[in-house]
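Note that my numbering numbers the sequence shown so that position 74 is 145, with each residue one more than the last.
Just so it is clear, CB atoms sit at the ideal spot from N, CA and C, and this is done for glycine as well.
It should be emphasised that the depicted structure is a prediction, and the values quoted were computed from it without experimental measurement.
Some notes on the structure that comes next.
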Amino acid sequence: MGQAFVGRAAVVFIWTTIPYRMEWRYGMAAHKVIAMDAGHVCQNLYLACEAIGAGTCAIAAYHRERMDELLRIDGENEFTIYLAPVGKV
Ligand SMILES: Cc1cc2nc3c(=O)[nH]c(=O)nc-3n(C[C@H](O)[C@H](O)[C@H](O)COP(=O)(O)O)c2cc1C
Numbered sequence: 072m073g074q075a076f077v078g079r080a081a082v083v084f085i086w087t088t089i090p091y092r093m094e095w096r097y098g099m100a101a102h103k104v105i106a107m108d109a110g111h112v113c114q115n116l117y118l119a120c121e122a123i124g125a126g127t128c129a130i131a132a133y134h135r136e137r138m139d140e141l142l143r144i145d146g147e148n149e150f151t152i153y154l155a156p157v158g159k160v
C-alpha cells in the first residue's frame, strides 16, 4: 500500500491471529482482547528497539490477503493482524 520502507527494513515482524483460540473462552469479547494483545506485543517491540538503538513503526495499513498468501495461512481461521519493520535509526 505504498509503504515501500517496510520492504527495505532489516527485518519485519508479522503477527497473525487464530481467533478461535480466544473465542472459545471469551466469546465476542475475544476480538477486543486480540487487538489489545497485538498492541501490547508491538509496544514491547518499540521498547526493545529503543534499547538497542533501532527503530520500528507499527503497520496496520497493508494488503491482508496478500500477506496471508505470502505466509501461506488461510486468511479465515488464521490471518495477519499487524506488521512492524525494524532497522537502524
Ligand atoms: C495501530 C497502529 C497502526 C499504524 N499503522 C501505520 C501504518 O500503516 N503506516 C505508518 O507509517 N504508520 C503507522 N502507524 C504509526 C503511526 O503513524 C505513528 O505511530 C503516529 O504517526 C505517531 O507518530 P509520532 O508520535 O512519531 O508522530 C500505526 C500506529 C498504530 C498504533
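Name the one or two DSSP bridge partners that residue i has.
i, result
"Lys159", "Ala125"
"Phe84", "Ala155"
"Phe150", "Thr88"
"Ile130", "Leu154"
Taking residue i and residue j to be in contact with their CB atoms under 8 Å, please state how far apart those CB atoms are, rounded to whole angstroms.
i, j, result
"Asp161", "Thr127", "Since the first residue shown for the chain is 72 and the last is 160, residue 161 is missing from the structure and cannot be characterised."
"Val104", "Pro156", "No, Val104 and Pro156 are not in contact; Cβ-Cβ is about 25 Å, not under 8 Å."
How about residue i and residue j: do their beta carbons lie closer than 8 Å?
i, j, result
"Ala75", "Pro90", "no"
"Phe84", "Leu154", "yes"
"Gly124", "Glu136", "no"
"Met72", "Ala109", "no"
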